[in-house]
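Novice: Going by this note's numbering, the sequence shown opens with residue 426, and the numbers climb by one from there. Quick reminder that beta carbons are idealized off the backbone N, C-alpha and C, glycines included. None of the values given here were measured: they were computed from a predicted structure.
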Amino acid sequence: VARRVLIFLVLGMGLIGLASPTGAGAMVVVGALLLAALNRRLSFPVLYQAMEGTAKLTAFVIFILIGSTLFSLVFRGVDGDLWVEGFLTGLPGGEVGFIVFVMVLVFLLGFFIDFFEIAFIVLPLLALGADALNIDKVWFGLLVGVNLQTSFLTPPFGFALFYLRSVAAKSDYKDRITGATIPAVTTAQIYKGSIAFIVLQLIMVGVVIAFPKLVTGGIDEGTKINAEEALK
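1. Taking the alpha-carbon of residue 513 as reference, which of 542, 488, 560 has the nearest alpha-carbon?
2. Among 623, 544, 518, whose alpha-carbon lies nearest the alpha-carbon of residue 412?
3. Starting from the C-beta of residue 458, find all residues in its chain whose C-beta is less than 7 Å away, skip the five residues before and the five after it, and write them out in chain order.
4. Hey, quick one: how far does the alpha helix (DSSP H) through residue 592 stretch, first residue to last?
5. Take the Cβ of residue 554 as the centre, count every other Cβ of all protein chains shown within 10 Å, and call the residue buried at 16 or more, exposed below.
6. Only counting the same chain, and skipping five residues up and downstream in sequence, which positions put a Cβ closer than 8 Å to that of residue 623?
7. Is residue 483 near the ligand MG - that is, is its Cβ less than 7 Å away from at least one heavy atom of it?
8. Is the CB-CB distance between residue 666 and residue 621 below 8 Å?
9. Please state whether DSSP places residue 404 in a helix, a strand or coil.
10. Given this structure, state the Cα-to-Cα distance separating residue 547 from residue 506, to the nearest angstrom.
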C-alpha cells in the first residue's frame, strides 16, 4: 500500500495536473515522511542518512553544471561553437539530416552517458545547430527527451534496466498474502520485457517527428485575455 501511495504521488499528481514534476517530487518526500512516521520508522539517523544522500547528489549535479559551464566557456573561446554550428548545418539533407544525426547521436550516447552529462554538455552544442536551422526549441527538446528515455531502456547498457535489476527479486520467495512461491526475475527476462517499451517509444519518436503540431500546437497562440472581463 505504501508503495502504491508513493507511486500515485509522483505520477498521479502530475498526470491529473495537480503538481509539476518538481512539486510531485516534493509530495513524494512529504508522503515518505508521513508513511515512515505512521510505521514508527522515522528517526533522526534515518533523516540524517536521507539528507546526506540528497546533499551528495545535489553537489554532484552542481559540480557537473560548473564543469560543463567552464567547458562551454573554453570551447566558445577557441571558436569551437562556430565549428560545431558549421558542421551541423552542413549535414546533407538540411533539417531532416540534422534531426536524423542528432537522434542517432543522442541514442548512442544514452547507452554510456548519464542524463546530466548529456543535458549540460551535449545538448547546448546541438542547440546551436537547431538555432541556425530555425528549429522549434520546444519540439526539439521534447524529441531529444523521448529519444533519451528510449536509449535508457536499451540493453545491454540501459540505465533503467539496471534500476529494475536492483529492485527485482534475485531469488525465489514466498508471497506473504497468498503463500505462493514467486520465482526470481532474471536479467534476461528484464531485457526481454523492455523490448515492447522500446518499440513503443521509437514509434513515439517517429510520431513526434512526423506531426510536430502535437507538441507545438497552440504554443504561439498564447492565452487570450478579455480586458473588460478581467476588470469586472
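Specialist: Inspection of the coordinates gives the following:
1. 560
2. Since the first and last residues shown for the chain are 426 and 657, residue 412 lies out of range.
3. 467
4. 584 to 592
5. buried
6. 575, 578, 579
7. Of ligands this structure carries none, so the ligand MG is not represented either.
8. With the chain covering 426 to 657 only, the question about residue 666 has no answer from this structure.
9. Here the chain has residues from 426 to 657 only, and residue 404 is not among them.
10. 12 Å
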